[in-house]
Structure formats: structure tokens, C-alpha cells
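Counting along the sequence shown from 1, when you hit position 114 you're at 99 in this note's numbering, and nothing is skipped either side. Okay, structure first, notes after.
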Amino acid sequence: MKKICFLASIILAAIVIMAPIFANAMRSSTQTPDVKYISPRNDHEVNLTGKDSLTFEWHSLPKPGGGREAYRFELFKGSEDNYNRIYSVELKRDVRTIDIPADMFEDGAMYSWLVKQRDARTSAWSRAGDRWRFTVIKK
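Rendered as C-alpha cells:
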């Protein structure tokens, strides 16, 4: 009986010690919040006639629990079922916009974009989340 009590106390102590470690690991992979986008708006036409660039913008909130280390901006060309990444860059944590040259876009083509953020404490990226898509007009 003493052996059972002793083993039970060791198991209980291990659970108490390890639970926060496992909880933190689970949280780091699932709790880096998605980035909220501003523009260009989803499912809109973007007129680039006579423009030098297209500005992409997103909100600074919500921030990850460990603070933000960086953003990753990705731009894709193609239809809903066949996206091809044409541009990807990691940005500093305080950057909330990026200008992409207008000559990277073709008239009538569909594009989509997304932004992820990385938690400074856990290095976990937010999930890719929704891609906002738009069609370019150049006349």
C-alpha cells in the first residue's frame, strides 16, 4: 500500500510539474492570432491605371501573447483553385504596409494576399488564414 501511495505521489508531482509545459507548447502552436487585413479589400477590383504601386495594409492588433517578432507578407496570382506565389517577404514587427510596384500586376488578372505574424516568445507563426483576393484593372 505504501508503494502505491508513493508511486501515486510521484505521478501526481510529475503531472503538476509537466502540465504547464505541455499547456504552453499547445498554446504556442494554436494561439498566435491571425492578422486582420484592411486593403486592398476582399473581392474588389483595384484600378492601377496611372499608378506606380499598390499599397497593402493590415491592422496591428491583435498582437501575439509573447509580443510580435515579425510579419510575413505573401502575394499570389491566379484563380481560386490555382494560386501561384509571386512574392513573399518577412517584414519588421512595426511595419503595417507594403507597396508593390504596379508593373507586377497584369490587367484583368486575379490576385490574392495574406499576412502572418510570428510570436516573439514562441516563434510560432499565425496560420495563413484567409486570403483576400482582388482583380486588377489597368487601362
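The C-beta atom is built at its ideal place from N, Cα and C for all residues, glycine as well. Model, not experiment: these values are computed from the prediction.
For residue i, name the three-state secondary structure that DSSP assigns.
i, result
"A109", "coil"
"A87", "helix"
"S14", "With a pLDDT of 46 at S14, under the threshold of 50, the predicted position of this residue should be treated as unreliable, though the coordinate-derived value follows. If DSSP states are grouped into helix, strand and coil, S14 belongs with the helices."
"H44", "coil"
"V80", "coil"
Could you pull the start and end residues of the beta strand (DSSP E) that residue i belongs to?
i, result
"L76", "67 to 77"
"R103", "95 to 104"
"K62", "53 to 64"
"V121", "117 to 122"
"N32", "29 to 32"
From residue i to residue j, what does the alpha carbon distance come to, in whole angstroms?
i, j, result
"F90", "V121", "7 Å"
"R103", "P25", "22 Å"
"T135", "T107", "The shown model of the chain, from -14 to 124, leaves out residue 135, and the question about it has no answer."
"S38", "Q16", "34 Å"
With DSSP as the reference, please indicate the residues paired to residue i in a beta bridge.
i, result
"S38", "P86"
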